[in-house]
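Participant:
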Amino acid sequence: MGKMMSSLFRHPSGRIGLVIIGLYLLAAILGTLGLTPHDPLKLFAIDRLKAPSQTYWFGTDLLGRDAFSRLMVGIRQSMLIAFASVAIATIAGTIIGLLSAWWGGIWDGIFMRVMDVLLAFPAILLALLIIAIVGPGTMTSVAAIAIVYTPIFARVVRGPALSLKQRDFVDAARTFGSSQGYVLTRHLLLNLVAPLVVQVTLALAWALLTEAGLSFLGLGTQPPTPSLGLMLAESRNLMTHAPWLMIFPAVTIMLGILGFNLTGDALRDILDPRTQRREA
Amino acid sequence: MNQFSPKTLLAGLAVATALTSVSAALPAQAAELRMAWSQDATGLDPHKQTAFSSLRLLELIYEPLVRLDADLNVVPAIASSWEFAEDARTLTFTIDSNAKFSDGAAVTSADVKASFERLLDEATSAAARSNFLSIESIDTPDDATVVFNLSIPDVPILVAMATINAAVMPAAEIEAGTVGTEAIGSGPFVLESWEPNAREVLSANENWGGGELAIDGITISVLPDEMAILASLRAGQTDFALLNDPLVATLVPMEAGLELNRVGVLNYNVLQLNPSRPPMDNLLVRQAMSCAIDRQEIIDAALAGEGKVTGPLTMPAFAQDPANLFCYEQDLDRAKELMAESGVDGFSATVIAATGEPPVAASEAQVLQAQLAEIGIDLEIEMMELNVYVDAWLAGDFDMAVAQNGGRPDPYPMYNRYFTKEGNLAHVSNFPDDELDSLMKQGQAETDPAKRVEIFQAFESRLAEQSPWLWLSTGYSYTAQRESVSGFTPSPTGTLFGLVNVSVE
Amino acid sequence: MSYVVQRLLTFPLILLGVSILVFVAIRLVPGDAITAMLGTEAGLLTPVQRETLAAYFGIDQPIWAQYLRWLTGLFQGDLGISSIYGKPVLTVILERFPLTLQLSLMSMVIALSVGVPLGVLAASRNERPSDLVVRVLAMLGQSTPNFVVGILIIYVLSVFFGFVPAMGTFTPLFTDPLASIAQLIFPAITLGFAFAASVTRISRSAMLDVLSDDYVRTARSKGASPMSVIWHHALPNALIPVVTLSGVEFGYLLGGAVIVEQIFALPGLGRLVLDAITQRDYALVQGTVLFIAFNFLVVNLLVDLAYVALDPRIRIGRR
Amino acid sequence: MTGLLSVRDLRVGFGQNPKANEVVKGVSFDLGPGETLGIVGESGSGKSVSALSINRLVDFGGGRITHGSIQLTRSDGTVLDVAKADEKTLLGIRGRDVGMIFQEPMTSLNPVHTVGAQIEEAFRLSKGLTGAQAHKATLDVLGRVRIPDAQSRLGYYPHQLSGGMRQRIMIAMALAASPRVLIADEPTTALDVTVQAQIMALLAELREETGMAMIFITHDIGLVAGIADRIMVMQNGVAVEQGETDGVLDNPQHDYTRHLLRAVPHFTSGKAVRDDGRRAEQQEPIVKVDNLVVRFPVGKAWFKPKGAIHAVDGVSFDLVPGETLAIVGESGCGKSTTARALLGLNSKTRGEIVTEAGRSVRPVQMVFQDPFASLNPRLNVEALLAEPAIANGQRRDDALRERMTFLLDRVGLPQDALTRYPHQFSGGQRQRLCIARALMLNPDVVVLDEAVSALDVSVQAKVLELLVDLQQEFGLAYLFISHDMAVVERIAHRIAVMFAGQIVELGEARAVLSDPQHSYTKRLIAAVPAIERRKQRFAVDMTQVPSLVRPPGFEPSPAQWREAGDDHRVRVEDTP
């Protein structure tokens, strides 16, 4: 892991990506610990819709809350949803993709058809239905995004897994009589880390976008805990009143996604077996 | 849902001048009004539809017997005059000779009788049926007169008839069962075409009893995003628009060439408590909450100042000045005293609210959460999709609920469903109270207007003092128009009937 | 062509899966069509009134009976009647589909006409300034939520240009091509913005891969000019991944862009389903979701066929 | 005679700072018109980079000519220094003056254009021919490179043709511009021996016809002996020796050239065969294979299959402890399938494989061809070596670690290898790792499937020596699969020649190599390049490898054998 981090830092876009994600994580941690300039939930009644100033760096919102503190908590919320949903999708998708490639035959057929059903189902509507059934909120957003993204992960894993299955070192393992579990974890899974890591960063970017979209439709995180998407949605009708309420969350979302995409690109270059082989 | 009582009931009776056609000077060339709103009608059957957006459309196509003017007085519509018997148990209407349906046929007493029979028939599942249970029989001595015989003295029934839910439709349509699809009404406009959630095209109804219109039609576009409506107004693609969100409404005056019409409405924003769930069954706790909240700050923060503090009664004729209602000035010390007295040192509860319905619901919940925290009440906000919220609300399955309920010109139809023993929605308020129940019954039967005001003001004071709900504010209904549009008079009921006098350069 | 037959055989299976999923999911959502229509007034209904309404909405029978009735109807191409529109579901969908189809096509055209040239330019000028500029632009394109782009476009147009695209209803292409294109050009740009970014990145990386292949070196050894190396030799091979990506993305767009339709007030498939869910119009929700899923499968099949058409190695077997 | 091409002190470097890491360090040579220069060297010697500098294709690979001059005399007599020329003039000489053919036939032709179109493009670029003219010119150049029924082949795509056929297309494309010098960068390395012989014959013939000069680059000094007038030997970017072919081959001056000629395996028609193991009659075979058949269905799985590929059709042989049986044959003859069937990697359709219970629970182990692919890149050496033991229940304890270090040392790898990863080793070292892994379970039999083919020639020699030592020390039986006769000659006790899924000749190594009986074995041995056969005329014949797809239900005729010596059997051939 350390090796990947150091080479990531040397990669030009990787460096920028890491710096952005670092800032994001820092803001999220501070937000969780409550080390924010003001209490994000406290209403400063007299200071409603104030422009960015010394006391309120990013200004205040309609209810008089400090936008900067809310942004920090918002980052935590959006990151939490993004990481949680992508984690679930990665684990579920990898297991399905791996087993479906390894077993092949009817299992492959069944798994892939189920994945097709989820993929054919319009993504945003699947999210809407899940949220309508269970009620909006953080956990539902996580579930909705995870369910929509799992089939994509399954496909991303199944492709390379199929080609890895043909590789000589898997045949070699068979000649030793290595157990199926050993081959699946040490040989297939370990070599899937490269495509997976790249897909995870792209999925995180996508998850941030989707959370923002769901909040825009009023189905994402629910007040009073802010998420970036919710702050964007709340600022929608105040666009002319208080443009800063929209600009800062929008830029933060873009920056976050940019950070994930940059890191993803850098990882793709670093982990790409072709580049590795040239180095050897 | 929107029945209204007259300012002075009996005085109105005397006024029976048949409104002859009002023909303002006709502009040279009648133009077409391009209108926009964010929520579209959900159906065309006036007896069945209850959503605000549906009523706005149907009020232009159908007509009830009587209507309410901008000052909430009962004025003639299809009926040119009406008369209550001494014991208020029979009500006679005379039909305006000019009243015609859009297909040219005259409106007769048979149509009125058929319409009310359809209303009362359970098979129609008309929501407004509960307001007309007192009708025993309907007589039609001749084409122009209709007599309603009531089982009990029911003064508010006249106001109940002044809503589109009591619209009159051709008897033939009722037999043919095409009421929901063919919109044949006697209103000022005829529905040419309807693409749900996209566009309605209305044309002026030449046969309208109310006379000539200044415009020859309206096309209404459905723009779900209200900022898009504003942009469309600004770009001149729309002449007139109905707005829901106060935040967007406050932007209109700042735009060159746009005007905002604003009128106080009878609907009220309220924090409904659930007295059946401890500790809210304890009166002192409820009173403490009423004293703890600062209603004006909620208006300033959540509604961007667009509202005014109100007690339970929102209609000017009956409402008392909120200042002398129980604890309408925020008094934290008294609130803390009451809490201490109640023996409950703070509790946690969830408050439900519907996302976007009304648009300010989420902000109100957050301000209330902050204010109630001052006296140790830890509120958790649970936002819900509209229908999920309605489901929970109807079942009374909530600790607290941020709501915006419909108001009426007469207190009886407004609150009989919640605070009378046999009210249909008694299980929503969960507050059976004999005194409130008897006051309601007296108000229904009392014919003398002065006495009715006294009765209902006592009813209002008790509600404020008992605080089963915390009444917060009343808002405004907004319409925006370009300079080229003139002549629109907004109404507290939110109806767009004022469009009949509108003209466009 | 047995490959196509094999794929077609999987369609009914997948669509059945989708139909069961949507049928159950929509019914799990609390609040039925009655509450959706009457709102809080539904509390005033007497039991008899409630039953007549339930019968009208067809939600009075047990769930499996409803599913069977709907399924049998499905086989005769009858998707049931929409309670909002009072019209057959298929007619309502086909009224709304042209907008979504045209919007998706326009976004794809924009995405490809911008994305592919930029990608090829960046690849051929690898590691030089123009490559970096294109990469940053593409990165930004992919990081911007499309509704932010939409909101900004509307704001700028209406404030600075005093113009806003026609909203509310849709002028079909055939009745008035100019107006129809004018109406959809800005929403298409909003959707096409992120789409173009991903096309740029895919074409760039595909071109870079192809340019390092042996046959490009052979072409150069024959004295082929730089232009013909890029456009005649490299691009046809680099197009394969681009076609796959844009095909899948096009399939998603056909599902209706709910948010962009909301902002530009366009009555497309996205809003149709959103309104249908809000008003609990079960037949309409089921019909539209099936329709969108069917389109998605057809587009994916077309992408695979395009794949075969572009790559002779797959089209023609060994000998 | 005026030189066609004279290269003086050529230096080529790569990366941001080409001067710092140079791959070609001062190479000079001359080439007269019609003359053929053979450049011999192992990978990394800079031979390909020097070739790619002549038409400056090296620039596209990230290389830069840092020093030196390349004087090229063009057809119109003018002399041009290619090292200094700008891209526009270079466009002029590529194709017209300097043609090129490459090593990988699989990837050197554009997969999405037809073969005909790509040749016509060459004519259009160099001679400006278009339409019907280009079409006719393409047809006749295909005839010159001996492609049967050229008319129908025009419409084919590269993937529809065999390796040899594609290399002919490459040659046709180069010929289209009738270049003054043709650079052939290892054109036959990826081809089978018999196909290689045909391509070499074709190149020799075309050189006579057109009188064009040629630079032939290869790692196989035997191959270059047959075609080059002069030879240049390169090592680490320097031309260590250069001169007339006979002079360089007969008395090499530089010891690297001597190493290439002597230490590296060269085919000597059976003289260099092993003499250390006589097959004692009474020894019980450790492995017996009887009438092995392996078939793969063709066509749709659930419909009735349209036929089957008869990869292995009735193969029988046995293996005695301590003995090496080599199976030799060209690609597609079924040798690898047989080996994999022995390990259970391919399921056999019929026949038995009997393995005596040997010293370990897994008596048969395998070493694969590609050292890169057979080691999991994500595991370190310790995990790699431990895998076989763990798979059979042993725990990772000191005893196991001890065995690992012992084996690592035994195969000549450094002690600290345990903690390092595969990509930190060279190809040769990795193959030693595979061998060590195969020996972890102390097997009786090791199947080596083309185990040295992917290695450089000098590394090949060392690995073969290691294998022989290990065989003697541990009494291992080897089943050695290979297409390279020189390697087989050095390691095999007995040889089985396979063709189209059947063994056509089986016997003691010296007998089979020095006195081949079966027609295919004769053709195979004749095609192997050897240093003695210089300037030999190869007969150009066009026999195609037969297709192995048989209709359903097809059974081959039972094999009749003819004894040609005490341990030398030949399959009776149906047709003479």
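Residue numbers (the UniProt record's numbering), protein chains in the order written: chain A, 1 to 280; chain B, 1 to 505; chain C, 1 to 319; chain D, 1 to 576.
All residues carry an ideal CB built from backbone N, CA and C; glycine is no exception.
1) Beta-carbon of C:Thr91 versus every beta-carbon of chain B: anything under 8 Å?
2) Taking the CB atoms as reference points, tell me whether D:Gln502 and D:Ala559 lie closer together than 8 Å.
3) Nearest to D:Thr268 by CA position, among D:Val293, D:Arg550, D:Glu489, is which residue?
4) So what does DSSP say about D:Arg494, is it helix, strand or coil?
5) Whole angstroms is fine: what's the gap from A:Met79's alpha carbon to A:Ala28's?
6) With a cut-off of 8 Å, does the C-beta of C:Thr144 fall near any C-beta of chain D?
7) Might you give, ordered along the chain, the residues of its own chain that have their beta carbon closer than 8 Å to the beta carbon of B:Phe488, omitting 5 neighbours on each side?
8) Figure out for me which residue from D:Leu455, D:Gln103, D:Leu476 has the closest Cα to the Cα of D:Pro363.
9) Terminal residues of the continuous alpha helix (DSSP H) containing B:Ser53?
10) Helix, strand or coil for A:Arg48, going by three-state DSSP, please let me know.
11) Distance, Cα to Cα, A:Lys50 vs A:Ile21?
12) From the beta carbon of D:Leu379, is the nearest beta carbon of chain G less than 8 Å away?
13) Just to confirm my understanding: we take C:Val289, look at its own chain, exclude 5 residues before and 5 after, and list those with CB closer than 6 Å. What are they?
14) Identify, in the order they occur along the chain, each residue of the same chain with its Cβ nearer than 8 Å to the Cβ of D:Pro443, setting aside the five sequence neighbours on each side.
15) Going by DSSP, what residue range makes up the beta strand (DSSP E) through C:Tyr155?
16) How would you list, in chain order, the residues of chain B whose beta-carbon sits under 7 Å from the beta-carbon of A:Met239?
17) Please identify the residue among B:Ile152, B:Ile220, B:Leu58 whose C-alpha is closest to the C-alpha of B:Phe132.
18) In chain order, what residues of the same chain have a beta carbon less than 8 Å from the beta carbon of A:Asp116, not counting five sequence neighbours either side?
19) Would you identify the three-state DSSP class for B:Pro27, choosing helix, strand or coil?
20) For C:Val18, which residues in chain A fall below 8 Å Cβ to Cβ?
21) Answer with yes or no whether the minimum CB distance from A:Gly64 to chain B is below 8 Å.
22) What residues are listed by DSSP as bridge partners for B:Gln350?
23) Is it right to say D:Met485 is buried, meaning 16 or more other beta carbons lie within 10 angstroms of its own, or is it exposed?
24) Below 8 Å between beta carbons is the criterion; list the residues of the segment 163-193 of chain A that meet it against any residue of chain D, in chain order.
25) Secondary structure at B:Pro409, three-state DSSP: helix, strand or coil?
26) To the nearest angstrom, report how far apart D:Thr73 and D:Gln133 are at their CA atoms.
27) Around the Cβ of D:Gly15, are there at least 16 other Cβ atoms within 10 angstroms (buried) or fewer (exposed)?
28) Measuring alpha carbon to alpha carbon, tell me which of D:Val193, D:Lys335, D:Ile169, D:Gln235 ends up nearest D:Leu260.
29) What is the DSSP secondary structure of C:Ala42, reduced to helix, strand or coil?
30) Any Cβ of chain A within less than 8 Å of the Cβ of D:Ala341?
31) Would you be able to state if there are at least three C-beta pairs under 8 Å between the segment 193-208 of chain D and the segment 226-243 of chain D?
32) Quick one: grab the DSSP three-state call for B:Ser221.
33) Give the DSSP-derived three-state secondary structure of B:Pro278 in the structure shown.
34) To the nearest angstrom, report how far apart B:Val22 and B:Val75 are at their CA atoms.
35) Give, in chain order, every residue of the segment 4-15 of chain C whose Cβ lies closer than 7 Å to some Cβ of chain A.
36) DSSP on D:Lys288, reduced to helix/strand/coil?
Facilitator: Taking the geometry as given:
1) So no, C:Thr91 is outside the interface.
2) Note that the C-beta distance between D:Gln502 and D:Ala559 is below 8 Å.
3) Taking only the C-alpha atoms, the option nearest D:Thr268 is D:Glu489.
4) If DSSP states are grouped into helix, strand and coil, D:Arg494 belongs with the strands.
5) Approximately 8 Å between the Cα atoms of the pair.
6) Under the Cβ criterion of 8 Å, C:Thr144 is not counted among the residues facing chain D.
7) Counting only Cβ-Cβ distances below 8 Å, and skipping sequence neighbours, we find Phe240, Asn261, Thr479, Gln481, Gly498, Leu499, Asn501, Val502.
8) Checked all of D:Leu455, D:Gln103, D:Leu476; the closest Cα to D:Pro363 is D:Leu476.
9) Looking at the DSSP string, the run of the alpha helix (DSSP H) that includes B:Ser53 is 52-61.
10) Three-state DSSP puts A:Arg48 in coil, outside helix and strand.
11) Roughly 29 Å separates the two Cα atoms.
12) The structure shown contains no chain G; the protein chains it does contain are A, B, C and D.
13) Result list for C:Val289: Val22, in chain order.
14) Cβ within range, chain order: Gly358, Arg359, Ser360, Arg362, Pro363, Val364, Gln365, Leu476.
15) First-last for C:Tyr155: 146-156, but that is the alpha helix (DSSP H), not the beta strand (DSSP E).
16) Among the residues of chain B, those whose CB is under 7 Å from the CB of A:Met239 are Met227, following chain order.
17) Checked all of B:Ile152, B:Ile220, B:Leu58; the closest Cα to B:Phe132 is B:Ile152.
18) For A:Asp116, where only same-chain residues beyond five positions count, the Cβ hits under 8 Å are Pro151.
19) Low per-residue confidence applies at B:Pro27: pLDDT is 44, beneath 50, and the placement is therefore not dependable enough to give any value.
20) Think of a sphere of 8 Å around the beta carbon of C:Val18: the chain A residues whose beta carbon falls inside it are Val117, Ala120, Phe121, in chain order.
21) Among the residues facing chain B, A:Gly64 is included, as its CB has a counterpart in that chain under 8 Å away.
22) The sequence as given places Thr at residue 350 of chain B; Gln does not occur at that position. For B:Thr350, which the question treats as bridged, DSSP gives the partners B:Glu380.
23) By the 10 Å Cβ count, D:Met485 comes out buried.
24) Taking 8 Å as the cut-off between beta carbons, the residues of the segment 163-193 of chain A near chain D are Arg167, Asp168, Phe169, Asp171, Ala172, Ala173, Arg174, Thr175, Phe176, Gly177, Ser178, Ser179, Tyr182, Arg186, His187, Leu190, Asn191, Val193, in sequence order.
25) Correct three-state label for B:Pro409: coil.
26) Spanning the two alpha carbons is a distance of roughly 29 Å.
27) Exposed.
28) Checked all of D:Val193, D:Lys335, D:Ile169, D:Gln235; the closest Cα to D:Leu260 is D:Gln235.
29) Reduced to three states, the DSSP call for C:Ala42 is helix.
30) With 8 Å as the cut-off, D:Ala341 does not count as an interface residue toward chain A.
31) Between the segment 226-243 of chain D and the segment 193-208 of chain D, the count of Cβ pairs shorter than 8 Å is three or higher; the stretches touch.
32) In this structure, B:Ser221 counts as strand in the three-state DSSP scheme.
33) Residue state, collapsed to three classes: coil.
34) Model confidence at B:Val22 stands at a pLDDT of 41, short of 50, so the residue's coordinates are unreliable; what they give is reported in the following sentence. Answer to the nearest angstrom: the Cα atoms are 14 Å apart.
35) From the segment 4-15 of chain C, only Thr10, Leu13, Ile14 have a Cβ closer than 7 Å to chain A.
36) In this structure, D:Lys288 counts as strand in the three-state DSSP scheme.
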